[in-house]
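Notes follow the structure.
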Amino acid sequence: AQSVTQLGSHVSVSEGALVLLRCNYSSSVPPYLFWYVQYPNQGLQLLLKYTSAATLVKGINGFEAEFKKSETSFHLTKPSAHMSDAAEYFCAVRFSGANSKLTFGKGITLSVRP
Amino acid sequence: NAGVTQTPKFQVLKTGQSMTLQCAQDMNHEYMSWYRQDPGMGLRLIHYSVGAGITDQGEVPNGYNVSRSTTEDFPLRLLSAAPSQTSVYFCASSYSAAEKLFFGSGTQLSVL
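Keeping their order, the protein sequence lines are chains V and R. Just so it is clear: in the first sequence, position 21 is 21 by my numbering, and no numbers are missing. Just so it is clear: in the second sequence, position 81 is 1081 by my numbering, and no numbers are missing.
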């Protein structure tokens, strides 16, 4: 079955440390892949998306993600965390032939320690 | 630009009551969708539409109805509210499902 998995529900890093948020999908055909961020009491906004043009995708606020077909992964990274990065992050996937549905992972809460 | 407008922002219902959550977008988007967000569950798709007159079910459609009579509007109807429908509801739209979703600010619904 086609699915999207975000391991863990909470990640805590120190300010200035590397941020790594994991996302894996299960599909035989590479899907469209997205990362969204939700700040407290707000709706979601797009960080970046993969649409097969390039495997390394750069997004807003210094985030980037690398599509690895062999690992069926699309992990989100940022070299140096900032306090303002504290939020909930969602990986989302649109599978080929899935009638246009966009499926979200369960989300990961990122905390940044001073 | 107004973007995606959801009303109301907050609502309290009693079990068995019905209500409609409103969603309107002014970006001429073909694709519109409704999600519910619950702690530890992420966002789950309730219903979606790829254009006026076309709707389809998502992961958790039971207890909800939708219609899409115009490109701009995509209301979500709760037929007979249940406590399990207590959640935060988000409407979202985009040019297509492969494009960036624009989200409304959400409706916090409590069913007592």
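Every residue, glycine too, gets a C-beta built ideally from N, C-alpha and C. Since this is a predicted model, take the numbers as computed values, not measurements.
The region 1065-1111 of chain R is shown to contain whole beta strand (DSSP E) runs of 3 or more residues at 1076-1078, 1087-1094, 1107-1111, in chain order.
For the region 40-72 of chain V, the beta-carbon criterion of a distance under 8 Å to any beta-carbon of chain R is satisfied by Gln42, Gly43, Leu44, Gln45, Leu46, Lys49, Thr51.
A buried status is given to Ser1087 (chain R), since no fewer than 16 other beta-carbon atoms sit within 10 Å of its beta-carbon. Using a Cβ-Cβ cut-off of 8 Å, Tyr1048 (chain R) counts as an interface residue toward chain V, since at least one Cβ of chain V sits closer than that to its own.
Within chain R, no residue has its CB atom less than 9 Å from the CB of Tyr25 (chain V), the nearest being about 14 Å off.
The beta carbon of Ser14 (chain V) sits no closer than 8 Å to any beta carbon of chain R. Listed by position along chain V, the residues whose Cβ is nearer than 7 Å to that of Gly1106 (chain R) are Gly43. Judged by pairs of C-beta atoms under 8 Å, the region 7-26 of chain V does not touch the region 1006-1018 of chain R, as fewer than three such pairs exist. One finds Phe90, Phe104 in chain V with Cβ atoms closer than 7 Å to the Cβ of Leu1043 (chain R), taken in chain order.
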